[in-house]
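Engineer:
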Amino acid sequence: MSKSIVSTEVAANARGSAWWIDQVARILVLLGGISAIVFVLAIFGFVAKEGLGYMLGDLDLVEFFTSPEWRPTAMEPNHGILALLVGTASVTGLAMLIAVPFSIGAAIFIGEFATGKTREILKVLVELLAAIPSVVWGFIGLSIMNPLIIEVFDVPVGLNVLNAGVILGLMAAPIMTTIAEDALKAVPDGYREAAEALGATRWQVIFKVVLPSAKKGLVAAVLLGVGRGFGETMAVLMATGHSVNLPTSPFDSVRAMTATIAAELGETAHGSDHYKVLFAIGITLFFITFVINMAADIFVRGGLKMSGKNS
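Using our numbering, you'd call the opening residue of the sequence shown number 4 and step up by one each time.
1) Could you give the residue range of the alpha helix (DSSP H) that holds Ser275?
2) Note down the Cα distance separating Trp23 from Pro75, rounded to an integer number of angstroms.
3) Quick one: any contact between the stretch 125-137 and the stretch 198-212, if contact means 3 or more CB pairs under 8 Å?
4) Would you call the stretch 80-99 and the stretch 163-170 in contact, with 3 or more CB pairs under 8 Å?
5) Measuring alpha carbon to alpha carbon, tell me which residue in Ala259, Asp61 and Leu33 is nearest Val280.
6) Roughly how many whole angstroms lie between the Cα atoms of Gln26 and Glu184?
7) Under the assumption that Ala175 contacts Ala102 (Cβ atoms under 8 Å), give the Cβ distance between them as a whole number of angstroms.
8) Where do the ends of the alpha helix (DSSP H) carrying Met317 lie?
9) Secondary structure at Met161, three-state DSSP: helix, strand or coil?
10) Please return the same chain residues whose Cβ sits closer than 7 Å to the Cβ of Ser216, not counting the five positions on each side in sequence.
11) Can you give me the start and stop residues for the alpha helix (DSSP H) that Asn248 sits inside?
12) On the criterion of 16 or more Cβ atoms from any shown chain inside 10 Å, does Gly119 qualify as buried, or is it exposed?
13) By Cβ distance, which residues of its chain are closer than 6 Å to Asn313, with the 5 residues on each side in sequence left out?
14) In the stretch 40-84, which residue ranges form an unbroken alpha helix (DSSP H) of at least 4 residues, counting only runs that do not cross its ends?
15) Thinking Ala117 and Thr180 are a contact (beta carbons under 8 Å), I'd like their distance in whole angstroms, please.
16) Can the beta-carbon of Leu221 be found less than 8 Å from the beta-carbon of Ala186?
17) Pairing CB atoms from the stretch 27-44 with CB atoms from the stretch 247-258, are three or more of them under 8 Å?
18) Give the straight-line distance between the Cα atoms of Val229 and Thr292, rounded to the nearest whole angstrom.
19) Can you find the residues in the same chain that come closer than 6 Å, C-beta to C-beta, to Lys188, ignoring five residues on each side of it along the sequence?
20) Just list the residues that DSSP pairs Val257 with in beta bridges.
21) Looking only at its chain, what residues have a beta carbon closer than 7 Å to the beta carbon of Val9, apart from the 5 residues adjacent to it on each side?
22) The alpha helix (DSSP H) that contains Ser137, what's its start and end?
23) Helix, strand or coil for Leu201? Go by DSSP, reduced to three states.
24) Are the CB atoms of Leu151 and Val239 nearer to each other than 8 Å?
25) Is the CB-CB distance between Ala86 and Leu268 below 8 Å?
26) Which residues mark the beginning and the end of the alpha helix (DSSP H) in which Val225 is found?
27) Kindly indicate the opening and closing residues of the alpha helix (DSSP H) around Val127.
28) Shortest alpha-carbon distance to Glu79 belongs to which of His277, Val127, Phe289 and Phe112?
29) Which two residues bound the contiguous alpha helix (DSSP H) that contains Ile113?
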């Protein structure tokens, strides 16, 4: 009888300790989730504190968004970011033209054709590519792509839109491949089996069934790649030539918004107009990336709801 009482007490103590462990885990997870929100709000609050008042008050927004002249340190300063915005968009657009076919093709091969160890090795390699620091990619653009572009295309400077677009495309492709492959995996196997039962070939199943069913996730992958391109700093700073210019060809040097902030913020006097307008650029960039990420999130949620209804 005493042994049963002891075993009952041990079981009760075990359940009690398990309950406390569960509560501690819940609190830690809750704090982790709240901290992410707090950090984002704190960053936005700091950026808004430094630049939003100047942006909505003293800054000429018409000149800010429409003028290609960026001369914040001149006797009569110009604070136009049109050239910076167009330079960022041109580099990102070229990067997506390069990254989207490669990332979608890699996702199709990994998700639909590769099996066993081949699939695992390829997924690890893709993740390793995503882990390469941006400064390393920038060094590749500076020391390898620069002379290569000069030699192949016979241009005076190899630090241009083409260089940055290739480097940024290679940087964005791994994350896009991962998200696209997850979207393809989310397509129910019943869709594939039904198409094969009707006599469809492997490629017909992929192009007629799998890709249309996963289109929302694929669009979300592309949008997240665009956000990655707009937010990149170091590689773009090293590969574009960092010249304020409205590009007319892929061989023109440009300057990106992020690169401008990184290059000039450390040299400005705290509280000056130059300092505040750099934070205004940061607010603009924050808004652009927020809209892109929000659109990607809407597509992902729509895809999940659609797959849930279809299943």
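For glycine and all other residues, C-beta sits at the position ideal for the given N, C-alpha and C.
Structural biologist: Let me lay it out:
1) Premise fails: Ser275 is in no alpha helix (DSSP H) and is neither H nor E.
2) Taken atom to atom, the span from the alpha-carbon of Trp23 to that of Pro75 is near 58 Å.
3) no
4) yes
5) Scanning Ala259, Asp61 and Leu33 for the CA closest to the CA of Val280 turns up Asp61.
6) 35 Å
7) Contact holds; Cβ gap of about 5 Å.
8) In this structure the chain extends from 4 to 314, so residue 317 is not present and cannot be described.
9) Note that residue 161 is Gly in the sequence shown here, rather than Met. Here Gly161 sits in coil by DSSP.
10) Val190 and Tyr194
11) Element bounds for Asn248: n/a, residue is neither H nor E.
12) exposed
13) In this prediction, Asn313 has a pLDDT of 46, which is less than 50 and means its spatial position is unreliable; nothing more can be read from the coordinates.
14) Runs of the alpha helix (DSSP H) inside the stretch 40-84: 64-69.
15) Rounded, the Cβ-Cβ distance is 12 Å, inconsistent with contact.
16) yes
17) For the pair of segments examined, the stretch 27-44 was found not to touch the stretch 247-258: the number of CB pairs separated by less than 8 Å stays below three.
18) 9 Å
19) Gly114
20) Answer by DSSP bridge pairing, in chain order: Gly244.
21) Any answer about Val9 is weak, because its pLDDT of 49 lies below 50 and its placement is not dependable; what the coordinates show is given next. Correct list: empty, nothing qualifies.
22) It spans Ser137 to Ile143 - the alpha helix (DSSP H) in which Ser137 sits, taken as one unbroken run.
23) coil
24) no
25) Not closer than 8 Å, so no.
26) Lys218 to Gly234
27) Gly119 to Ala133
28) Cα-wise, what sits closest to Glu79 is His277.
29) From DSSP, Ile113 is part of no alpha helix (DSSP H); its letter is neither H nor E.
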